Amino acid sequence: MKPDMNISFNDAIPTKTHMALAKLIKTGKIHYIVSQNIDGLHLRSGVPRKCLSELHGNMFIEQCNQCSRQYVMNSATTSVGQKCLEKACPSVKPGGRLCRGRMHDTILDWENNLPEKDLGLADFHSCVADLSICLGTTMQIIPSGNLPLNTKKYNNGKLVICNLQPTKHDKKADLLIHTYVDDVMDMLMGKLGLTIEEYSKDKDPVFKGSKSQIEWTIANSEVKRMRKLYEQTCCKRKVKREKKIEHIFIKKSKIDTNIKDVDKCILENKNVIKLEDSKNLLEVKCDVVGPTIKVKEETCIR
């Protein structure tokens, strides 16, 4: 269906869902938002930068090609593809010297790479989350469309998909809702006893940015914090899962050895079997031919 009207980026305002998500962020009910939209409505609804990844850019954000600092503009950019806007970077380096970089739009074209920090934080948060909720997306575009699956893969979490049409990941969802997102968010906020605030132009960073320069840069410390949390919570689980996939467990009855009290027998990648009991760890080589295994005993390791 074609929209009944065409609204410019400058005239668009956050929807009920945008404002509800901003309230849920503010109250700590949700921790992070990953967006593929370039309309800047999450910014304008009041979502802080540390809680938002904008994977395809933002019409109201410009970025320096030298220091990579980002700033809020008071009107939507007229270019796409990370082109130069012929504006000097306003940032000041230590010592008081101005940055010599030039500002560029942040809107991705087909040949542009996704922003490193935004993608990294989106990945880290998706992996450590216990619940991912997908709102109004077909989940067709990768890698962003696959990020919610990390919640199930790395943290044994849940996946909820709310979209009018079916998506390619519907079979992996723990809950499917086929209706308008605004209606769902309205009911959800009612259940939580939270009110959805009205959009206020006075609180909009886009209009505030016309009076003072507002920075929109992702802090390096936030990336480091989330990487550390990811490594602490997900990397150990990942190693265990990979071992399960790579190893072939063999029943003790199928192995012809003179070793007694063997508790564990694992066939590893390099055709080596480690036989372990409470006292000794021995290594033996094996030849795998079809479904049968021939074992040749070797020197005891300890």
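Residues 1 to 302, numbered by full-length UniProt numbering, are exactly what the sequence shown covers, in order. The C-beta atom is built at its ideal place from N, Cα and C for all residues, glycine as well. Bear in mind the structure is a predicted one, so any value in this text is a computation, not a measurement.
Taken through DSSP and simplified to helix, strand or coil, I196 comes out as coil. Annotated as distal: L149 and I161, with beta-carbon spacing of 8 Å or more.
Secondary structure at A88: strand, using DSSP grouped into helix, strand and coil. Inclusion of R69 and T179 in the CB contact set at 8 Å is not warranted, their separation being larger than that value. Measuring C-alpha to C-alpha distances from S91 to each of R102, G81 and C84 identifies R102 as the nearest.
Exclusion of the five residues before and after G40 leaves N58, M59 and F60 as the residues of its chain whose Cβ lies within less than 6 Å of its Cβ.
Of the other Cβ atoms in all chains shown, fewer than 16 fall within 10 Å of the Cβ of D130; this residue is therefore exposed.
In the three-state reduction of the DSSP assignment, Q66 falls in the coil class, being assigned neither a helical nor a strand state. The residues T17, C162 and V181, in chain order, have a CB closer than 7 Å to that of L135 in the same chain once the five nearest residues on each side in sequence are set aside. A check of alpha carbon separations from C99 across K201, D105 and A88 identifies A88 as the nearest. Contact between A12 and G46 fails: their C-beta atoms lie close to 15 Å from each other, not under 8 Å. The C-beta of S200 has fewer than 16 other C-beta atoms within 10 Å across all chains shown, which makes the residue exposed.
With respect to the C-alpha of N37, the residue from H125, E54, E86 and K93 having the closest C-alpha is E54. The beta carbon of K224 is closer than 6 Å to none in its chain, skipping five residues each way along the sequence. For D123, the uninterrupted alpha helix (DSSP H) run begins and ends at E116 to V128, by DSSP.
Excluding residues up to 5 positions away in sequence, W216 and I218 lie with their Cβ nearer than 7 Å to the Cβ of R49 in the same chain. Here the C-alpha atom of I25 lies approximately 16 Å from the C-alpha atom of T15. The three-state secondary structure of M19, taken from DSSP, is helix.
The continuous stretches of beta strand (DSSP E) do not include V80, and DSSP gives it neither H nor E.
Residue state for S45 is assigned as helix, using DSSP reduced to three classes. Counted as a single uninterrupted DSSP element, the beta strand (DSSP E) harbouring M103 occupies residues R102 to D105. With 16 or more other Cβ atoms from the protein chains shown falling within 10 Å of its own Cβ, L52 counts as buried.
Looking from the CA of N74, the closest CA among N220, V206 and Q232 belongs to V206. Under the DSSP definition of a beta bridge, L149 lacks any partner. Where E54 is concerned, the enclosing beta strand (DSSP E) starts and stops at L52 to E54. V181 is not bridged by DSSP to any residue. The beta carbons of L108 and H56 sit about 5 Å from each other, so the pair counts as a contact at 8 Å. As computed with DSSP, Y230 is found in no beta bridge at all. Per DSSP, the continuous alpha helix (DSSP H) segment holding K208 begins and ends at P205 to K208. With a threshold of 16 other beta carbon atoms within 10 Å, N155 meets it and is buried.
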